[in-house]
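Novice: Just dropping this structure here.
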Amino acid sequence: MADNVLKGRRILGTSRAPKEYTDERTCAQDGCETRLSRYNRREHCFAHAPTKFPRLRGRVVPES
Ligand SMILES: [Zn+2]
31 MADNVLKGRR ILGTSRAPKE YTDERTCAQD GCETRLSRYN RREHCFAHAP TKFPRLRGRV
91 VPES
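Per our numbering: the sequence shown = residues 31 to 94.
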């Protein structure tokens with residue numbers, strides 16, 4: 031009987047690191063310190079994202 035049938039093989043070589051952006055990023059808005067995920071490519075947090083929401087239905091949005 032063979033003894034070493036299930037010899038585990040160590041993974042050799044460099045393990046590929048996933049692409050990362052900077053380690054810790056915060057919202058680009060002045061004074062906002064909301065952290066962004068390093069996998070989140072946006073520069074702003076959700077609250078300060080430049081995207082305008084299309085459904086405001088006449089609500090007056092105060093400009094910041
Ligand atoms: Zn923000």
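The beta carbon of each residue, even a glycine, is placed where N, CA and C say it ideally should be.
These numbers come from a predicted model, not from an experiment.
Let me confirm a value: CYS57 is counted as buried when at least 16 other C-beta atoms fall within 10 Å, else exposed. Which label applies?
Specialist: Looking at its Cβ environment, which holds 16 or more other Cβ atoms inside 10 Å, CYS57 is buried.
Novice: Measuring from the CB of ALA77, is there a heavy atom of ligand 1 at a distance below 6 Å?
Specialist: Indeed, a heavy atom of ligand 1 lies less than 6 Å from the Cβ.
Novice: Between THR64 and ligand 1, is there a pair consisting of the residue's CB and a ligand heavy atom that are separated by less than 6 Å?
Specialist: Correct: THR64 has its Cβ closer than 6 Å to ligand 1.
Novice: Of all the options GLU54, ARG68, THR64, LYS37, which has the alpha carbon lying nearest to the alpha carbon of HIS78?
Specialist: For HIS78, the nearest C-alpha among the options comes from THR64.
Novice: I'd like the list of long-range same chain contacts for GLN59, defined as Cβ closer than 7 Å, with 5 residues on each side in sequence excluded.
Specialist: Excluding residues within five positions, the ones whose Cβ falls inside 7 Å are HIS74, HIS78.
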